[in-house]
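Engineer:
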Amino acid sequence: MAPNRNYTRYTWFVFVFVFIVILAGGVVRTTQSGMGCPDWPTCFGRWIPPTDASQLPPDYEKYLRQQDIDHTFNAYHTWIEYINRLLGALLGVFILIHLVWTYRLFFKTRRSLFFLSLFLLLATGFQGWLGKKVVDANLAVVKITTHMLVALLIAAIPVLILQKLKGTKTAVPRSLKSITVLALLLTIIQIVLGTEVREQVDEISRELMYGSREQWVGRLDKWFLIHRSFSWLVAVAGLYLFIRTRSFPLLRSNGLLVLLMVITGVGAGLLMNFFSVPAFAQPTHLMAASILCISLFALRLKMK
Ligand code: HEM
């Protein structure tokens, strides 16, 4: 039916937009723009932030005192963070439209879709609130981990909706289902370990005034070694799933995506390890980890 096709497309759009927002968050961090707007939801007390120091409010120093990086106004950092917030707000609007659309199409017939869409909106609202807390606490670690996990939850909901709409599944041996769940769990643990490493990188880079990148990795502690070694488990699970899913046409592309994301994630990790944390490798690593996690989830959903 045509309305369902458009709705399916729109759900895909929301899904892709979630990843754009995750990527924007990664870019904000790599460019050290996280505190580009010291207050929230306004930025230097304004809805549209200044482009030049002359436009700052008279009491702007009170904002700059909350900054960890810039002690003078930096329009570049401010606008990167502001665009990131706009993308987040747009996502909220798109999800609200999704909820209304789901209500109109499915509230009477398939209520679970409506509740999933509602949950998507609530999780996104929670993430926005957490974003404010992260700003208030100058990006503390537990909140960063929660922020990351909620982002993955937000990305997982449209996948669940899409799977429910499509409904095609493939019967597979129980062992394959169990290994997919195991790979997903390992990836989530690896992501949590990664956010611990990330927090350390944040601290070290701050101490070094965001320079001397060649020293960053050397200063990381045991969590980095655990994270690095743990990737063997994720990589073996990913490779195994790629090979096993070859014999199931419906699962093949998911299996390939899993393998590609393992290669990209580990590759970006190795680049950081051996080539002084090149800036582009940071968001690449984050995106690969996120897509890996979601593709494992999607893979499991397609199994009967
Ligand atoms: C499939 C395997 C891997 C996954 C799923 C993974 C996942 C992650 C995640 C989610 C983060 C946090 C990123 C952020 O919050 O911005 C992270 C950080 C990090 N990981 Fe991995 N990782 C993997 C393998 C590796 C490997 C093999 C290395 C090094 C040899 C590595 C080195 C790092 C470093 C240095 C950071 C800090 C990055 C930063 O500060 O932006 N990772 N990892």
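The sequence shown runs 1 to 304 under my numbering.
Don't be surprised by glycine CBs; every beta carbon is placed ideally from N, CA and C.
1. Distance, Cα to Cα, Phe-133 vs Phe-94?
2. Assuming contact is defined by CB atoms lying nearer than 8 Å, are Ala-156 and Phe-297 in contact in what I supplied?
3. Given 8 Å as the limit, is there contact between the region 192 to 206 and the region 172 to 182, that is, 3 or more CB pairs closer than that?
4. Does any heavy atom of ligand 3 sit closer than 7 Å to the C-beta of Ala-237?
5. Which runs of the alpha helix (DSSP H) fall wholly inside the region 53 to 137 and span at least 4 residues, in chain order?
6. Would Tyr-7 be called buried (16 or more neighbouring beta carbons within 10 Å of its own) or exposed?
7. Can you find at least 3 beta carbon pairs, one from the region 248 to 259 and one from the region 110 to 120, that sit closer than 8 Å?
8. Can you name the residues that DSSP bridges to Arg-9?
9. Looking at C-alpha atoms only, which residue of Arg-246, Tyr-240, Ser-247 is the closest neighbour of Val-262?
10. Given this structure, state the Cα-to-Cα distance separating Gln-163 from Thr-102, to the nearest angstrom.
11. How long is the line joining the alpha carbons of His-147 and Ser-229, rounded to whole angstroms?
12. Is it the case that the CB of Ala-289 approaches a heavy atom of ligand 1 more closely than 7 Å?
13. Distance, Cα to Cα, Gln-282 vs Val-217?
14. Would you mind listing the alpha helix (DSSP H) stretches within the region 245 to 302 that are 4+ residues and don't spill past its ends, in chain order?
15. Between the beta-carbon of Gly-88 and the beta-carbon of Val-21, is there less than 8 Å?
16. Nearest by alpha-carbon distance to Val-18: which of Leu-301, Ser-290, Asn-74, Phe-224 is it?
17. DSSP three-state label for Thr-51, please.
18. Can you check which of these residues, Thr-42, Phe-242, Ser-247, is closest to Val-172 by C-alpha distance?
19. Given 7 Å as the limit, tell me if Thr-51 has its C-beta closer than that to any heavy atom belonging to ligand 1.
20. At a threshold of 7 Å, does Gly-218 count as lining ligand 1 (C-beta to nearest heavy atom)?
21. Using a Cβ-based criterion (distance less than 7 Å to any ligand heavy atom), does Leu-256 qualify as near ligand 1?
22. Roughly how far, in whole angstroms, is the beta-carbon of Phe-73 from the beta-carbon of Leu-86, given that I think they are within contact range, below 8 Å?
23. Is Thr-31 helix, strand or coil when you go by DSSP?
Structural biologist: Let's see:
1. Numbered from its first residue, the sequence shown carries residue 133 at position 133. Numbered from its first residue, the sequence shown carries residue 94 at position 94. The residue you asked about is not Phe; residue 133 is Lys in the sequence shown. In a straight line, the C-alpha of Lys-133 is about 23 Å away from that of Phe-94.
2. Within the sequence shown, numbered from 1, the residue matching residue 156 stands at position 156. Within the sequence shown, numbered from 1, the residue matching residue 297 stands at position 297. Taking 8 Å as the Cβ cut-off, Ala-156 and Phe-297 qualify as a contacting pair.
3. Contact annotation: the region 192 to 206 does not touch the region 172 to 182, with fewer than three C-beta pairs closer than 8 Å.
4. Inclusion of ligand 3 in the displayed structure is not the case, the ligand content consisting of ligand 1 alone.
5. If we require 4 residues or more, the alpha helix (DSSP H) runs fully inside the region 53 to 137 come out as 60 to 64, 75 to 106, 111 to 136.
6. For this step, residue 7 is matched to residue 7 along the sequence shown. Tyr-7 is buried by the Cβ-count criterion.
7. Judged by Cβ distances under 8 Å, the region 248 to 259 makes no contact with the region 110 to 120, as fewer than three pairs qualify.
8. Here residue 9 refers to the residue found at position 9 of the sequence shown. Beta-bridge pairing links Arg-9 to no other residue.
9. By 1-based counting over the sequence shown, the position of residue 262 is 262. Cα-wise, what sits closest to Val-262 is Tyr-240.
10. Here the question's residue 163 lines up with position 163 in the sequence shown. Here the question's residue 102 lines up with position 102 in the sequence shown. Cα to Cα, Gln-163 sits roughly 15 Å from Thr-102.
11. Looking up residue 147 in the sequence shown gives position 147. Looking up residue 229 in the sequence shown gives position 229. Roughly 24 Å separates the two Cα atoms.
12. What you label residue 289 is simply residue 289 of the sequence shown in a count that begins at 1. Yes, Cβ of Ala-289 sits closer than 7 Å to a heavy atom of ligand 1.
13. Here residue 282 refers to the residue found at position 282 when the sequence shown is read from its first residue. Here residue 217 refers to the residue found at position 217 when the sequence shown is read from its first residue. CA-CA distance, Gln-282 to Val-217, rounds to 13 Å.
14. The DSSP assignment places 249 to 274, 281 to 301 as complete runs of the alpha helix (DSSP H) inside the region 245 to 302, in order along the chain (cut-off: 4 residues).
15. Locating residue 88 in the sequence shown gives position 88, where the first residue counts as 1. Locating residue 21 in the sequence shown gives position 21, where the first residue counts as 1. Annotated as proximal: Gly-88 and Val-21, with beta-carbon spacing under 8 Å.
16. In the sequence shown, counting from the first residue as 1, residue 18 sits at position 18. Here the closest residue by C-alpha is Ser-290.
17. If you number the sequence shown from 1, residue 51 lands on position 51. Coil.
18. Counting from one through the sequence shown, the residue named residue 172 turns up at place 172. It is Ser-247.
19. On the sequence shown, position 51 is the one that residue 51 refers to. For ligand 1, not one heavy atom lies less than 7 Å from the Cβ of Thr-51.
20. One-based indexing of the sequence shown puts residue 218 at position 218. For ligand 1, not one heavy atom lies less than 7 Å from the Cβ of Gly-218.
21. Numbered from 1 along the sequence shown, position 256 holds the residue referred to as residue 256. Checking every heavy atom of ligand 1 against the Cβ of Leu-256, none is found closer than 7 Å.
22. Within the sequence shown, residue 73 is the residue found at index 73, counting from 1. Within the sequence shown, residue 86 is the residue found at index 86, counting from 1. Contact between Phe-73 and Leu-86 is ruled out by a C-beta separation of about 19 Å, above the 8 Å threshold.
23. Stepping through the sequence shown from its first residue, residue 31 is reached at position 31. In the displayed model, Thr-31 falls within coil according to three-state DSSP, outside both helix and strand.
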